[in-house]
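Numbering (our numbering), first residue to last: 148 to 456.
Take a look at the structure set out below.
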Ligand code: DON
């Protein structure tokens, strides 16, 4: 595969080759704090299943995890409730619709999948805990464990910004309660969802999380099983089929990796038995995926022969 220096050079080159594509995307303004990011920022970290790191660019820059939280909270919800109960409430099929679409909620028994907002909110509603404080604490601790970073914290400003502007998410949640898909206090449920989305991470954190998935649920350094193999497989599959929303098909062709994007500009991707990857570039395509992040992953997939297909 080449030396550590060679791979670091490949990462640096691919950032350089693709950085300018940031101009083709836009910073999201529907959550006002996200529009404050530096549009030119770009970073990447990769960690292999031996635990070695390779990084380039703004890999230590913090951004909010946003929808990359969805597969992670899904894991916790399945651990809390079991696979059957979770997928009784949320489907496993791609939508071909935008991530916050309400279209396929009406007339269907449950949200299509856990990667779109409706499905993710239903999943969040299943997290166990005596109150929201305890539930959020469990989510944060789980993310810290996956990222091997006890310093992960909530970005208060983004959380408040989401809370202020989150009426689409509220409407998805109220509709789902009306349809008996979810139960409980809607303000509390969306509050927990806004908080999970507003946890600050960097590329190393995402790479660390992803390598556990790449290694079928086992931390490659401590060799501790963090996620049961079956759950890891389900979540990786949902990332591969639904993780990039209505771009999941072309991403599968061009990159060929299980990945999850977030409107904070991060993408978490995993290469089975090889790498966890975290990439960051805050301007987004019209589907809410990092423009530069996808370009960089495409180049790396071609150069390092990463596609699973
Ligand atoms: O609920 C929202 O709209 C955001 N908190 C998360 C959406 C998101 O990250 C979509 N991803 N690319």
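Note that CB positions come from ideal geometry on N, CA and C, so glycine has one too.
Predicted, not measured: the structure shown is a model, and the values here were computed from it.
Closest Cα partner of residue i within the set the options
i           : options               : result
residue 348 : 289, 159, 163 and 208 : 208
residue 249 : 320, 196, 418 and 215 : 320
residue 307 : 339, 414 and 358      : 339
residue 454 : 425, 407, 415 and 402 : 402
residue 121 : 300, 435, 442 and 441 : Because the chain in this structure spans residues 148 to 456, residue 121 falls outside the shown range and cannot be described.
residue 241 : 446, 264 and 395      : 395
residue 219 : 267, 253, 185 and 237 : 267
residue 328 : 252, 376 and 346      : 252
residue 301 : 318, 283 and 167      : 283
residue 169 : 177, 185, 179 and 155 : 185
residue 181 : 426, 441 and 304      : 304
residue 351 : 190, 176, 309 and 325 : 190
residue 355 : 318, 176, 195 and 317 : 195
residue 292 : 373, 358, 271 and 161 : 373
residue 265 : 299, 324, 289 and 288 : 324
residue 294 : 269, 318, 369 and 271 : 369
residue 133 : 270, 326 and 357      : What the structure shows of the chain is the stretch from 148 to 456, and residue 133 is not part of that stretch, so it cannot be assessed.
residue 309 : 346, 326 and 299      : 346
Nearest-angstrom Cα separation, counted from residue j out to residue i
i           : j           : result
residue 150 : residue 235 : 47 Å
residue 399 : residue 412 : 19 Å
residue 255 : residue 337 : 21 Å
residue 205 : residue 429 : 11 Å
residue 261 : residue 311 : 23 Å
residue 421 : residue 450 : 15 Å
residue 419 : residue 239 : 21 Å
residue 333 : residue 362 : 36 Å
residue 210 : residue 153 : 28 Å
residue 414 : residue 407 : 5 Å
residue 452 : residue 178 : 36 Å
residue 353 : residue 409 : 11 Å
residue 188 : residue 426 : 11 Å
residue 279 : residue 237 : 21 Å
residue 371 : residue 331 : 35 Å
residue 366 : residue 257 : 33 Å
residue 385 : residue 442 : 21 Å
residue 193 : residue 444 : 11 Å
residue 440 : residue 424 : 11 Å
residue 318 : residue 183 : 26 Å
residue 417 : residue 326 : 35 Å
Neighbourhood of residue i by C-beta distance below 6 Å, restricted to the same chain and skipping five residues each side
i           : result
residue 315 : 247
residue 383 : 360 and 405
residue 344 : 213 and 216
residue 387 : 405
residue 392 : 246 and 434
residue 275 : 227
residue 155 : 201
residue 447 : 161
residue 203 : 158, 159, 162 and 191
Nonlocal neighbours in the same chain, by C-beta distance under 8 Å from residue i, ignoring five residues either side
i           : result
residue 378 : 222, 225, 226, 230 and 364
residue 232 : 273
residue 163 : none
residue 171 : 430, 432 and 438
residue 285 : 223, 274, 275 and 276
residue 380 : 363
Contact set for residue i: own chain, Cβ-Cβ below 7 Å, skip 5 residues either direction
i           : result
residue 313 : 337 and 341
residue 277 : none
residue 376 : 363 and 364
residue 199 : 151
residue 335 : 279
residue 389 : 241, 260, 262 and 395
residue 244 : 250, 251 and 393
Near the ligand FAD: residue i beta-carbon under 7 Å from a heavy atom
i           : result
residue 408 : This structure lacks the ligand FAD; the ligands present are the ligand DON.
Neighbour flag for residue i against chain C, beta carbons, 8 Å
i           : result
residue 232 : No chain C is part of this structure, which consists of one protein chain only.
Q: Return the chain-ordered ranges of every beta strand (DSSP E) run that is complete within the stretch 186 to 235 and spans a minimum of 3 residues.
A: 190 to 195 and 200 to 204
Q) Where are the beta strand (DSSP E) runs, 3 residues long or more, that stay fully inside the stretch 252 to 297, in chain order? A) none
(Q) Ignoring anything shorter than 4 residues, give me the alpha helix (DSSP H) runs that lie fully in the stretch 350 to 379, in order along the chain. (A) 350 to 361
Q: Write down every uninterrupted run of the beta strand (DSSP E) in the stretch 303 to 339 whose length is 3 residues or greater and which is fully enclosed by it, in chain order.
A: none
**Q.** Length-filtered (3 minimum) beta strand (DSSP E) runs lying within the stretch 376 to 444
**A.** Uninterrupted beta strand (DSSP E) stretches at least 3 residues long and entirely within the stretch 376 to 444 occur at 405 to 408, 413 to 418 and 422 to 427, given in chain order.
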